[in-house]
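Undergrad: I have a structure I would like to understand better, so I am pasting it below and will then ask my questions one at a time.
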Amino acid sequence: VSMTAWHLSKDKQIELAQIAQSLATSGKGILAADEPADVIETRFSPVNIENNEENRRYYRQLLFRTNECSQYISGIILCHETFHHKTDDDDTPFPRLLKENGIIIGITVDKGMVILGGTDDEKTTK
């Protein structure tokens, strides 16, 4: 490992390098599946699908169970809601489903955008 990360043990440096290498696998990408409910509304409303938690869970289940998904996706970013969802047929948690298919999981830790005080509507994450 050629990086310098004084605060990480050698084992953690190696692990981090392996994760980065896996995420950057040629021909694969990272799927951002962490869109908030209001963004999913823009996908659902044109096809008359009600924007509720169960429909969002099912939508993401369809994405995650797409045949050969892991051939093209190296990592998926989840939101808090999705991190706790399970499949409807065998109750498998989404993180386990993805991990079993060789997909690295990330999670969005912010709670959305808010106006930054003292600015002209500049935004920051909460």
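Counting with my numbering, you get residues 121 to 246 for the letters of the sequence shown. The beta carbon of each residue, even a glycine, is placed where N, CA and C say it ideally should be. On a predicted model such as this, the values are computed, not experimentally measured, just so you know.
Whole angstroms are fine: how far does the CA of Cys189 sit from the CA of Glu161?
TA: Using only the alpha carbons, I get a separation of about 24 angstroms.
Undergrad: Any idea if Ile227 is buried or exposed, counting beta-carbon neighbours within 10 angstroms, 16 or more meaning buried?
TA: Flag for Ile227 reads exposed.
Undergrad: Quick one: Cα of Glu155 to Cα of Glu201, how far?
TA: Glu155 and Glu201: Cα-Cα distance of roughly 10 angstroms.
Undergrad: Lys206 by DSSP, collapsed to three states: which one?
TA: In the structure shown, Lys206 sits in a strand (DSSP, three-state: E or B).
Undergrad: Flag this pair as yes or no: are the beta carbons of Arg180 and His205 separated by less than 8 angstroms?
TA: Yes, Cβ-Cβ distance for Arg180 and His205 is below 8 angstroms.
Undergrad: If Leu218 sits next to Ile196, beta carbons under 8 angstroms apart, how far is it from one beta carbon to the other, in whole angstroms?
TA: 6 angstroms between Cβ atoms; contact.
Undergrad: Spatial neighbours of Ile169 within its chain, please: C-beta separation below 6 angstroms, excluding the five flanking residues on both sides.
TA: Within the same chain, Ile169 has close Cβ partners Asn175.
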